[in-house]
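S.K.: Quick one: structure below, then a few questions.
Number of protein chains: 6
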Amino acid sequence: MSDQPPNSPPSGQAERSGKRRDRPLPTFAARETFFGTEKMANAEFSIAGIPFDLGTTNRAGARDGPAAVRRASRMVGGTYPDLWPDLYGLDIADVGNFSLYMGQLADSLDAIERQAMAYDHLLSVGGDHLVTLPLLRAASKRRGGPLGLVHFDAHVDTWAETFQVPFTHGTNFRIAIEEGLVDPKRMVQIGIRCRVEPEVWHWTSDQGVTIISAEEVHLGRPDEIAARIVDIVGTSGDTYLTFDIDCLDPSCAPGTGTPEVGGLLSWQTRAILTRLKGPRFIGMDVVEVAPAYDVAEITALNAAAVMAFYLGLQAKKREGPEPTG
Amino acid sequence: MSDQPPNSPPSGQAERSGKRRDRPLPTFAARETFFGTEKMANAEFSIAGIPFDLGTTNRAGARDGPAAVRRASRMVGGTYPDLWPDLYGLDIADVGNFSLYMGQLADSLDAIERQAMAYDHLLSVGGDHLVTLPLLRAASKRRGGPLGLVHFDAHVDTWAETFQVPFTHGTNFRIAIEEGLVDPKRMVQIGIRCRVEPEVWHWTSDQGVTIISAEEVHLGRPDEIAARIVDIVGTSGDTYLTFDIDCLDPSCAPGTGTPEVGGLLSWQTRAILTRLKGPRFIGMDVVEVAPAYDVAEITALNAAAVMAFYLGLQAKKREGPEPTG
Amino acid sequence: MSDQPPNSPPSGQAERSGKRRDRPLPTFAARETFFGTEKMANAEFSIAGIPFDLGTTNRAGARDGPAAVRRASRMVGGTYPDLWPDLYGLDIADVGNFSLYMGQLADSLDAIERQAMAYDHLLSVGGDHLVTLPLLRAASKRRGGPLGLVHFDAHVDTWAETFQVPFTHGTNFRIAIEEGLVDPKRMVQIGIRCRVEPEVWHWTSDQGVTIISAEEVHLGRPDEIAARIVDIVGTSGDTYLTFDIDCLDPSCAPGTGTPEVGGLLSWQTRAILTRLKGPRFIGMDVVEVAPAYDVAEITALNAAAVMAFYLGLQAKKREGPEPTG
Amino acid sequence: MSDQPPNSPPSGQAERSGKRRDRPLPTFAARETFFGTEKMANAEFSIAGIPFDLGTTNRAGARDGPAAVRRASRMVGGTYPDLWPDLYGLDIADVGNFSLYMGQLADSLDAIERQAMAYDHLLSVGGDHLVTLPLLRAASKRRGGPLGLVHFDAHVDTWAETFQVPFTHGTNFRIAIEEGLVDPKRMVQIGIRCRVEPEVWHWTSDQGVTIISAEEVHLGRPDEIAARIVDIVGTSGDTYLTFDIDCLDPSCAPGTGTPEVGGLLSWQTRAILTRLKGPRFIGMDVVEVAPAYDVAEITALNAAAVMAFYLGLQAKKREGPEPTG
Amino acid sequence: MSDQPPNSPPSGQAERSGKRRDRPLPTFAARETFFGTEKMANAEFSIAGIPFDLGTTNRAGARDGPAAVRRASRMVGGTYPDLWPDLYGLDIADVGNFSLYMGQLADSLDAIERQAMAYDHLLSVGGDHLVTLPLLRAASKRRGGPLGLVHFDAHVDTWAETFQVPFTHGTNFRIAIEEGLVDPKRMVQIGIRCRVEPEVWHWTSDQGVTIISAEEVHLGRPDEIAARIVDIVGTSGDTYLTFDIDCLDPSCAPGTGTPEVGGLLSWQTRAILTRLKGPRFIGMDVVEVAPAYDVAEITALNAAAVMAFYLGLQAKKREGPEPTG
Amino acid sequence: MSDQPPNSPPSGQAERSGKRRDRPLPTFAARETFFGTEKMANAEFSIAGIPFDLGTTNRAGARDGPAAVRRASRMVGGTYPDLWPDLYGLDIADVGNFSLYMGQLADSLDAIERQAMAYDHLLSVGGDHLVTLPLLRAASKRRGGPLGLVHFDAHVDTWAETFQVPFTHGTNFRIAIEEGLVDPKRMVQIGIRCRVEPEVWHWTSDQGVTIISAEEVHLGRPDEIAARIVDIVGTSGDTYLTFDIDCLDPSCAPGTGTPEVGGLLSWQTRAILTRLKGPRFIGMDVVEVAPAYDVAEITALNAAAVMAFYLGLQAKKREGPEPTG
């Protein structure tokens, strides 16, 4: 018989934080931090919000993503039948939002990188996808070399420029590759289906990047896709996970800036993510949640779940084999 | 050539109720009762609303589910290519909403049970999932023994307590099993994917309950799932259907209190339900529709369709073989 | 390296229209015409809005479909990995909205037909599905005979009458068949799952129409479905494409008047459409977008994408083989 | 001490209808009829829905007005400090929705008139404002002559035609005046602020109609406006009340088809209406509620309140002097 | 020249909390605590959320009020021209949400009272209005006697029972008066306009309570209303402020459970509140914010502003005369 | 008798543009340009969209303002009883959206100024309020000196910096005054009620700017406010009108980035604006419409109406005395 409250972290959290409460708070009353944690610093896994959206080319509002994901994340956590180890067994903190230079793109990217350098294992919630550039700069500096990259997205994000602008949420991975932050041979894009010029597509694959289109995911099976991903990034090198919520179909993630029809379904990304037990992940982000366009917080909930499954993978690594469910 | 108006019950309904109208009312003008019926009592199949939501642990508002499903149900009815027999051929009534003890949980559960005892074959629209407990109490009393249970849900709902509270929409089936209302060997859960402690999962399967996870549904085929269900509940014993709308993915059912990503798609539940021709269903409910979070009434429409397919199965039983479509 | 702005047409468009701009406009700033075009007449492909919704039997508001699709279409265009040829290579114009006799059904149908006669290759955005009747009248007149028809829909739309009314968005194809506008042997319906009387279903298939139910699409593969379609309409006769947005599941297309659960997913219609390279399409429409019920414009985006893929097929025809992606 | 439940009719209603309940239903659970009544025919005051919207020139959806007002009306009723007599003391019935000829304007107007003839004292919920034309035809026939008219609206609705169409929700009162259904000397419009040509304005006032602009209401006081109205329509002749919800400011009534900025505030219409104790009202309607554009049902709630205050005035007439509040 | 960032607290807050930041966070990035404070305990003014909604009789969802008001409160703070003293000059803390007995009304009321006892000067954000009962119990205990009460509301909330239930958000002040928690001679209700039985109205005024109807506010001037309030509660006795957000018109506060048309406008409550400099307030609450029904967070923003003006009044008391603005 | 269609420009517009149509398009079908005009250049009055929102400090999305206002503007136009002269008598063009340097603030301000220089009499639709800075730079250059300024707003917008950033939508008028673009003695702010430091307030008034708070408007009368404005800006010097939509109360304008409670009501701004017949306006803008937060386009409708009344004032100037209405 269980003495654990389901659906919400409060009781465990309360104990961990040494705080005494009358009663555990139900989900709807839990604190609006990531996974309801009351720890704000000095944890093994640090989760930060990055309310930046100067790089968006269509709908605005990714600045409000961190708040929405915090709220939705109260619904997720603990153990799941997909992946038994308990993410609440991990030492996590909500380190708050990064500070930014409002309306100033270059200074803000520098500020993000500088702040990211302070954390060992950082999970970030965007903000638009341009935030991944300074996050990768920091991560590759800390790790001393180019990283493997698991990149869920509808868009290749390897344009040389968009609307004649060099730094946007569409040029971030071109720059990352050119700066040597990631190893394109250990980089894989999953869910691609955007409008894209053949030159951009070819430049990308010519670098060694593997592109797995959304249609390939739909026509294949999650375990096959997961196996391809693990094969590409390997299990020994440092690897980063970047999850653009628009890799999901607009039906699953309406709350985003540049939705593309024909995207992945929630169950597919869940099934793929929970099978990525091999790679050595050293950080991750989930980006492009624009709550003003969300409905019933389903986009934010998907974003929170991505973080939960990532943390579950980390817990799995240290807790050993799963119970026979 | 057809003389039946499509998309709405009015003409048939009007005839059945003996009421004379100038013209059949189109869908948008039909009465906001279940399937537009004008019959309010004394039918073979009674449909009731149960506007109860004291058991919810996250978002509120399931109290408004019955009204939303009534409205959406005007779009559904008649005959479908999945299941030709005409549900309008059945004798149905909208018996209104059950009365409740506002803000008082225990008294309300008693009141639900007492009112449910009055009906031979009851279809209920919740309300949160805790309403199924008194509905099962009534059904098993009327039927004289434990029932088979086909249980669509994202959550196992077999916690011993949630947030230290013993009666919630997360403990209902633990209690039902412990009270002997259902036969766990003839109980099957479909769509499970919630956060759940291993102890709760094991307790459930140790009772004999079969858990079919959402991922199993996604990786399998509807006819296989349907066959497993029929195999578990059998075709001779009394069986109850309980359909928590959150078994659907949040993209299909945003209007619910505790959405979980990775859920079933509408076509899957439709394909499974319409293949459950064998079991002897003696009652059903659809629960957890929270209209304040719905969009374009798509959640309510799914709930209404579940009832329509259930009624179609009943019609099928008595009308014989389907036309070769 | 690409010098094309992604995600939006402005730069190419600006050049084509001979207009000089400081800078290309990003997606969010592009003109709200179909695909951001600034051409308004005299193009090879003419795109018109038809803000007509007198034929709707449930929710109103398809009159606002053209505006919503114009807005959403700024996100789509160019080249896609599914179908490389560039739709911006085509000569397209947004010819504005057709004028109508407000509140007067018969006169409006005549006006639509009369206006449609003016265009060689017309793409139309409804409005409700009844607009397809006068569009087919015009197209078959211009082409001198019955047309093949690829018809995506949740509903058969071959009722003899709906609610005792002979001209609605549910009787349009019965009339089209009876008037000889389409050749039922070369007519195929994809996505059907509505409530329908057996008589109507049988009348339809008795005419020679092929009905591919939504469930068949879910249980099959897109390439098989596409092959069946091509087989039915052939590659030599003139063929028209009519796409009722409600063929999609309500999760993908909430913004429509008569949603039906269990529908096609965006990736499926995309995968099928982009494989229809063989047929000789001479016109198309996308109908039943009701923006008041849409969320985050996802329904409109699906509608715009359907047009984009149709145009991509046209571009493909003249631009030859695709690059090896 | 009170034994009356506040905020909802159930207990009183239940008693009146002779139906026995366990407990009174709280507001959220009450039946979705007008004021929660369970009486459906043969009352002194009959309330009907008219789901007609073929006359709208901008946004669609007034067809769904009756359902929304029914739902909202559960919140209102009983006695108010503005007007003590209890509207539940009156004998009222919800007679359902009028049947219509879908998509056919002329036949529908005839059908509305024919059905309206059946009731002594009819309250109607539109539907667009064109429904008032057949309602006035019926009322003036039954009463044997032209009626006084209290007309709340943003628009004069006395155009000779709109967009070259003679029968719309903008020409209704021109026709009513020309047909002699109302006596323009006893007709007063309150809240006018629309775009209007001087010719139309002058034609209206030349007939003898009094126009009280929205600005006059804002700059004056409700008791003065009420006194002017009573002065115009008198207290002896039969008078009809027509309330277009767009007389309210869009902030108070966003859920309507042709909103105009600068409108009346809820408190103003409430304060004016409750002071109209003198006139001999023989029927009323509230029109142009378009729920698809409403938020949190505030528009519908205003519509329901208008009906409640109208009924309160009727109750006042027969129940005598109010208590000293 | 100002070196203070407008529209948001971060810089001042950061300094007060001793935390060093790169840059002040703009409003959209500020922490989602009350007024963005980072202090969580041991302040002169403690602000708590009370996510309780078991007492609601119509729409659910007040449980989510605290979160919404926290978010909106980031927009407000500092100094206003109405009331110059800086609320950031005050020592405030966000003490989190009170814990509750989920689904259990009586235990929850006890828990609220017990927790409230811990704070000297408590500001609470509901939750439904029933929370004010235990808050008053705690406050009167701490203060040793009955309190004066300034009560903004649409409803009198002095029913003996609602729907035969004794403890709801409609009976709270009957109980408070009967328990001697408030001194009815020093109690004033502002904004009343609900449906109410004469008996309830008379009972209330017979106790000595002053009722100022919404219409009186509309027909009067804010300074007169403020003067009446101060006259009733006096300036020497302890006084509590309870602000039910539904005292505002639904146009200003759609996000609430039991909206009533004809309510106060935002400017009126602002103008009245900022003039209440005399009374000795010892605590306050703002209740009945139901975010699921809010639009663009305007209801939450009004709630946050009420707290800000209350705090401004406290700051005013100690900071002396205002600058000549 | 009128032969003008009400509520929409199409017929007149069509005639002016020389285009022949079957029938005038009703409002819902009219082209989505400003006031439905088909003229795109070379008019006396040019209307431009400026989709810029890099200056926002709270909610994003003003980039979508121009599109929303275009759409809403189809509802307004022609003649109003407040101001008879017909704005359609004026020569107006929709010159499209200004091009911008995406994500780059300084370059974008330059680009706006450069493009604005091309027009004699420019009406602009923002975008956030920072766009007014380059618009004033262009206007004062073209006019050869500082301008009078009628400034409707909730905020003074004269901060020296916001969040340590010098160029935002809160510093625009500090800069404009310091650059000598406006004459502070001929500058008046109406509707102010924001949080503001005394230093900023005093700096502003010390420059000679007149601040009329929102409360002054509420306690006064529109004609008095209008007279004060005319008195300040005079009738001989060039004057610019800038209308921040957040001067309106959030109930009237929820769709904006930094809403402040207690704002002006629609009728008040309408009554004030239509009385500003004296000043010599040489340009105007309406800014801060953020459609993602709007409901039922009421914010956009207010913005469109402001432009219509401004144009009506221009028409009035040349058309002489109004008819006696």
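Chains as they are written, first to last, in the UniProt record's numbering: chain A, 1 to 325; chain X, 1 to 325; chain Z, 1 to 325; chain R, 1 to 325; chain V, 1 to 325; chain U, 1 to 325. Beta carbons: idealized from backbone N, C-alpha and C, even for Gly.
Could you check whether VAL295/Z and VAL261/A sit closer than 7 Å to each other, using their CB atoms as the reference points?
M.R.: no
S.K.: Return yes when the Cβ of PHE52/R is within less than 7 Å of the Cβ of PRO51/X, no when it is not.
M.R.: no
S.K.: Helix, strand or coil: how does DSSP classify HIS151/X here?
M.R.: strand
S.K.: Using a C-beta cutoff of 7 Å, does MET187/A count as contacting chain V?
M.R.: no
S.K.: Under three-state DSSP, which class holds ASN42/V?
M.R.: coil
S.K.: Put GLN189/R into one of helix, strand or coil per three-state DSSP.
M.R.: strand
S.K.: Which same chain residues, not among the five before or five after VAL230/V, have their C-beta less than 7 Å away from its C-beta?
M.R.: LEU276, GLY278 and PRO279
S.K.: From the DSSP output, which residues share a beta bridge with ARG280/A?
M.R.: ASP238/A
S.K.: Spell out whether any CB of chain U is found under 7 Å from the CB atom of SER108/Z.
M.R.: Interface annotation, SER108/Z: not in contact with chain U, CB-CB separation never under 7 Å.
S.K.: Would you mind giving the Cβ-Cβ distance between PHE243/R and ASP183/R, rounded to the nearest angstrom? I have them listed as a contact below 8 Å.
M.R.: The pair is not a contact, with the Cβ atoms about 19 Å apart (cut-off 8 Å).
S.K.: How far does the beta strand (DSSP E) with ILE92/U in it extend, from its first residue to its last?
M.R.: 92-97
S.K.: At a CB-CB cut-off below 9 Å, which residues of chain A make contact with HIS218/X?
M.R.: What HIS218/X touches in chain A: PRO222, LEU265, TRP267, GLN268 and ALA271.
S.K.: Taking VAL289/R as part of the alpha helix (DSSP H), name the residues at either end of that continuous run.
M.R.: Unbroken run through VAL289/R: none, as it is neither H nor E.
S.K.: Please check if any C-beta of chain A sits within less than 7 Å of the C-beta of PHE163/X.
M.R.: yes
S.K.: For TYR88/V and HIS218/Z, what's the separation of their Cα atoms in angstroms?
M.R.: TYR88/V and HIS218/Z have their C-alpha atoms spaced approximately 60 Å apart.
S.K.: Where does PRO222/V fall in DSSP's three states?
M.R.: If DSSP states are grouped into helix, strand and coil, PRO222/V belongs with the helices.
S.K.: Using a Cβ-Cβ distance cut-off of 7 Å, determine whether GLY262/U contacts chain V.
M.R.: True, the Cβ-Cβ gap to chain V drops below 7 Å.
S.K.: Tell me, please, whether the stretch 69-82 of chain Z touches the stretch 113-124 of chain Z by the rule of three or more beta-carbon pairs shorter than 8 Å.
M.R.: no
S.K.: Which residues does DSSP pair with LEU248/A in a beta bridge?
M.R.: LEU264/A
S.K.: If you compare alpha carbons, which of THR57/Z, GLY65/Z and PRO26/Z is closest to ALA303/Z?
M.R.: GLY65/Z
S.K.: Give, in chain order, every residue of the stretch 153-182 of chain A whose Cβ lies closer than 9 Å to some Cβ of chain U.
M.R.: THR162, PHE163, GLN164, VAL165, PHE167 and THR168
S.K.: Let me make sure I understand the geometry here. Which of THR256/A, PRO166/A, CYS247/A and GLY283/A has the alpha-carbon closest to that of THR269/A?
M.R.: Selected option, being the one with the closest Cα: CYS247/A.
S.K.: Mind checking PRO10/Z: buried by the 16 CB within 10 Å criterion, or exposed?
M.R.: Low confidence applies to PRO10/Z: its pLDDT is 33, below 50, so where it sits in the model is not reliable enough to give any reading.
S.K.: Since ARG59/U and GLY257/U should fall inside the 8 Å C-beta cutoff, what is the C-beta to C-beta distance between them, to a whole number of angstroms?
M.R.: 4 Å
S.K.: Report yes or no: is there a C-beta of chain Z within less than 7 Å of the C-beta of GLU215/A?
M.R.: yes
S.K.: Out of GLU44/U, ALA30/U and PHE98/U, state which residue places its alpha-carbon closest to the alpha-carbon of GLY25/Z.
M.R.: Residue 25/Z is actually Leu in this sequence, not Gly. Comparing Cα positions, the closest option is PHE98/U.
S.K.: Please classify CYS194/X: is it buried, with 16 or more other beta-carbons within 10 angstroms of its beta-carbon, or exposed?
M.R.: buried
S.K.: Within a Cβ cutoff of 6 Å, which residues of the same chain sit near ILE190/A, ignoring the five residues on either side of it in sequence?
M.R.: PHE152 and ILE212
S.K.: According to DSSP, simplified to helix, strand and coil, what is VAL182/V?
M.R.: Strand at VAL182/V.
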